[in-house]
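S.K.: Here it is: the structure, laid out below.
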Amino acid sequence: MLVNDEYQRRLRLKELEIMDIEKEKELEDVRKNKGFTQVYSKGWKRVRELSFGNSGAAGLYAMFAEHIDPTCGAVICDQQFLANQMQVTTRTIRRWLDYLEEERALVRIPIAGRVCAYALDPHEVWKGYNNTKEYAAFITNTLVNKDNNIKRRIVSMFGHKNTDC
């Protein structure tokens, strides 16, 4: 582009600055794994086991894996939303959630009413920076109630350390 005067020169510099900012944002999104879910070997094993045991629950697990929040490894929603997304009844969703909890594939943390946070093991499935796993819903120290029931469930399910990831 030919620059004819000072105004056009400043305008062009501004355009180049905006392009640089956009390019930097794209690079940052790539580093954050935006739009990407990491599934480790342990996670693929989990998917295989769930698909043999209960294919509907495996589909629900996959939906959670696809939509987990990259900062905490959980999805927050109500059962009716899940039922609508999976095109089943809330009763079916409850059965699938019970199955996933029994299989230790997720932790259900009640929020309010039928709204829960559904946390997945970050050593199986993770989104976001790898070094942010310490902030996963079941690793953090902030998600506890007065009787420590949630913390106790979380520690019993995912308290082990896995160096494979």
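The opening residue of the sequence shown carries number 590 in the numbering used here; numbering runs sequentially from there.
Every residue gets a Cβ at the ideal spot worked out from N, C-alpha and C, and that includes glycine.
(1) With contact counted as at least three CB pairs below 8 Å, one residue from each stretch, are the segment 708-718 and the segment 671-682 in contact?
(2) May I ask which residues mark the beginning and end of the beta strand (DSSP E) holding R697?
(3) Would you call the segment 682-696 and the segment 606-619 in contact, with 3 or more CB pairs under 8 Å?
(4) For the structure I just gave you, are there three or more beta carbon pairs, one from the segment 630-641 and one from the segment 655-672, closer than 8 Å?
(5) For V704, count neighbouring Cβ atoms within 10 angstroms of its own Cβ and tell me buried if that reaches 16, exposed if not.
(6) Among the candidates L602, D594, V628, Q597, whose CA atom is the shortest distance from the CA of V714?
(7) With a Cβ-Cβ cutoff of 7 Å, do A646 and Y688 count as a contact?
(8) Excluding the 5 residues preceding and the 5 following L671 in the sequence, name in chain order all residues of the same chain whose CB lies nearer than 6 Å to its CB.
(9) For the candidate residues G642, A651, I698, I665, whose alpha-carbon lies nearest to that of M675?
(10) Would you report the Cα separation of T729 and F641, rounded to the nearest angstrom?
M.R.: In short, the structure shows the following:
(1) no
(2) 695-701
(3) no
(4) no
(5) exposed
(6) V628
(7) yes
(8) I682
(9) A651
(10) Caution is warranted here: a pLDDT of 46 is assigned to T729, below 50, making its placement in the model unreliable, and the coordinate value is therefore given only provisionally. Cα to Cα, the separation comes out at about 32 Å.
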